[in-house]
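Okay, so here's the structure we're looking at.
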Amino acid sequence: SGADTITYSLANTGVANGATVTPYLTNSSNTIAAQGTTSVNGGSFSATVPGRSLVTYVIPTAVMANTVTVTNPGAQSGTVGTAVSGLQVQATDSGSGQSLTYSASGLPAGLSISSSGLISGTPSASGSFNVTVTAKDGTGASGSASFTWTISGGSGNTVTVTNPGAQTGTVGTAISGLQVQATDSGSGQSLTYSASGLPAGLSISSSGLISGTPTASGASNVTVTAKDGTGASGSASFTWTIGTGSTGGGTCQVSYVKNEWGGGFTANVTVTNTGTSTVNGWTVTWSFPGDQKVTNAWNANVTQSGSAVTATNMSYNPAIAPGGNVQFGFQGTWSSNDTSPSAFTLNGNACS
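Under UniProt numbering, residues 1 to 352 are what the sequence shown spells out, in order.
See the structure below:
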């Protein structure tokens, strides 16, 4: 009989972007092939169609995923309290017509990113932050870039708190009020004050006034801090000794005998109770005029904060009878000034 007519069609359904399917007749009269699929990765297929047959073939191919590339903006910096000028994250997509949505992790506190990739805000905390920005398109393809964002603690202002020196008080007697003083190198800055380690019953206002009535005796290491609107701050530390007001020690006398050599010294302290009642539990305080540092002590627990020094009784020598005394000593170092202290207190009361 006569030759049959073979009708064929091969089509790219659009699943594989960029693929071109071109059917053609090979030299073999009964073979149809397709060409032009080299732009699609991951699939190939050939088919032989016998006469008088209708055959449908699905040609396997692999879809090429879009590639999203985020431009790394590089290391960024900022300052607490100062708004960033705005950082626009940039990205490209290998797929045409794709819209990108942006997100970020690790941003400094106070900053945020919009869906269009603009980072803005005012940093509220200092530190070094590892930031990752990500762009994602409608197919789910995404890309990221990571960088460091460093936030400094302020505008470069310097806050200096004046050390009020060692303070004393008595349980049950209101203090007259201690106004903490501070200066700021930045003009027009308002300072807010805080304190840690205050004796029980005392508190500080935001304007720096310490007031109240002590409720417990003992020596407290106090730190006062002033902070301005840019986040810059300064601190000062001192000792505040509260006496019981009922254990004696209304009058006292202190002898300070020093043995000095280059860079070092020892001191022996004698505290005499010149009052008429026994001191039960004692705390002696003073401040060094120079740069002395206590390294070890005997017959007393001695602590130092800056120039302020506090010595308290051991378990075996808590009492000082009227007319009696207690002796303790310590060793220390100095660099340029080993001037002996001249003012001492016993349980919050000044000694001669």
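From the three backbone atoms N, C-alpha and C, an ideal C-beta is built for every residue, glycine too.
Only a predicted model underlies this, so the values are computations on that prediction, with no experimental measurement involved.
Secondary structure of residue i, DSSP reduced to three states
i	result
isoleucine 320	strand
leucine 107	coil
tryptophan 334	coil
valine 93	The sequence given here places aspartate at residue 93; valine does not occur at that position. In this structure, aspartate 93 counts as strand in the three-state DSSP scheme.
phenylalanine 288	coil
leucine 346	strand
cysteine 252	strand
glycine 42	At glycine 42, the pLDDT of 41 sits below 50, so the modelled position is not reliable; the number obtained from the coordinates is stated separately. Glycine 42: coil per DSSP, three-state reduction.
threonine 247	Legend: pLDDT at threonine 247 = 45, less than 50; position of this residue unreliable, value from coordinates given subsequently. Coil at threonine 247, not helix or strand.
glycine 143	strand
alanine 75	coil
asparagine 157	coil
residue 395	Limits of the chain in this structure are 1 at one end and 352 at the other, which puts residue 395 out of reach.
serine 211	strand
glycine 275	coil
valine 80	coil
valine 171	coil
tryptophan 240	strand
asparagine 280	strand
serine 126	coil
leucine 118	strand
valine 180	coil
serine 340	coil
threonine 150	strand
glycine 36	With a pLDDT of 44 at glycine 36, under the threshold of 50, the predicted position of this residue should be treated as unreliable, though the coordinate-derived value follows. Glycine 36 falls in the coil class under three-state DSSP.
Distance, residue j Cα to residue i Cα
i	j	result
threonine 82	glycine 156	12 Å
glycine 42	serine 142	The predicted position of glycine 42 is uncertain, since its pLDDT is 41 and thus under 50; a value taken from the coordinates is nonetheless stated next. Rounded to whole angstroms, glycine 42 to serine 142 spans 22 Å at the Cα level.
aspartate 291	proline 341	11 Å
isoleucine 119	glutamine 88	6 Å
glycine 281	threonine 303	17 Å
alanine 350	alanine 311	15 Å
alanine 166	serine 203	17 Å
leucine 346	glycine 243	8 Å
tyrosine 193	serine 205	7 Å
tryptophan 334	valine 326	26 Å
lysine 258	proline 289	14 Å
alanine 104	serine 187	36 Å
asparagine 66	isoleucine 151	35 Å
asparagine 337	serine 287	13 Å
threonine 139	proline 73	25 Å
threonine 230	glycine 86	19 Å
asparagine 163	proline 123	31 Å
residue 354	methionine 314	Here the chain comprises residues numbered 1 to 352, so residue 354 is not present and cannot be evaluated.
serine 114	aspartate 93	19 Å
proline 199	glycine 172	12 Å
serine 220	glycine 110	37 Å
valine 254	isoleucine 320	13 Å
glycine 121	threonine 295	49 Å
Beta-carbon spacing of residue i, residue j below 8 Å
i	j	result
asparagine 130	glycine 95	no
cysteine 252	valine 224	no
serine 235	valine 133	no
alanine 125	valine 84	no
alanine 297	phenylalanine 328	yes
glutamine 90	threonine 71	yes
phenylalanine 147	alanine 226	no
serine 112	tyrosine 102	no
glycine 78	tryptophan 149	yes
threonine 283	glycine 218	yes
asparagine 273	glycine 201	no
threonine 276	proline 318	no
threonine 170	glycine 348	yes
Among the options, the one whose alpha carbon lies nearest that of residue i
i	options	result
alanine 195	Leu178, Ala297, Val222, Pro164	Val222
aspartate 228	Leu198, Gly243, Gly201, Thr183	Thr183
serine 233	Val70, Gln189, Tyr316	Gln189
asparagine 268	Thr158, Thr71, Ala300, Asp137	Ala300
serine 185	Thr139, Thr158, Asp338, Thr170	Thr158
glycine 306	Thr285, Asn347, Asn313	Thr285
aspartate 136	Asn317, Ser220, Leu100, Ser187	The sequence given here places lysine at residue 136; aspartate does not occur at that position. Per the Cα distances, Leu100.
proline 214	Gly231, Asn259, Thr168	Thr168
proline 108	Thr67, Ser128, Ser116, Asn313	Ser128
valine 174	Ala216, Tyr316, Pro164	Just to set this straight, residue 174 is alanine in the shown sequence, not valine. Ranking Ala216, Tyr316, Pro164 by Cα distance to alanine 174 puts Ala216 first.
serine 352	Tyr256, Gly172, Gly140	Tyr256
threonine 339	Pro199, Lys293, Gly138	Lys293
valine 309	Ser114, Phe330, Ala145	Phe330
threonine 69	Thr295, Gly121, Ala145, Ser315	Ala145
(message) With a threshold of 8 Å, are at least 3 pairs of Cβ atoms found where one atom belongs to the region 255-265 and the other to the region 231-240?
(response) Pairwise C-beta distances place the region 255-265 out of contact with the region 231-240, as fewer than three of them are shorter than 8 Å.
(message) Taking contact to mean 3 or more Cβ pairs, one atom from each stretch, closer than 8 Å, check whether the region 168-183 and the region 198-214 are in contact.
(response) Taking a contact to require three or more Cβ pairs closer than 8 Å, the region 168-183 and the region 198-214 qualify as touching.
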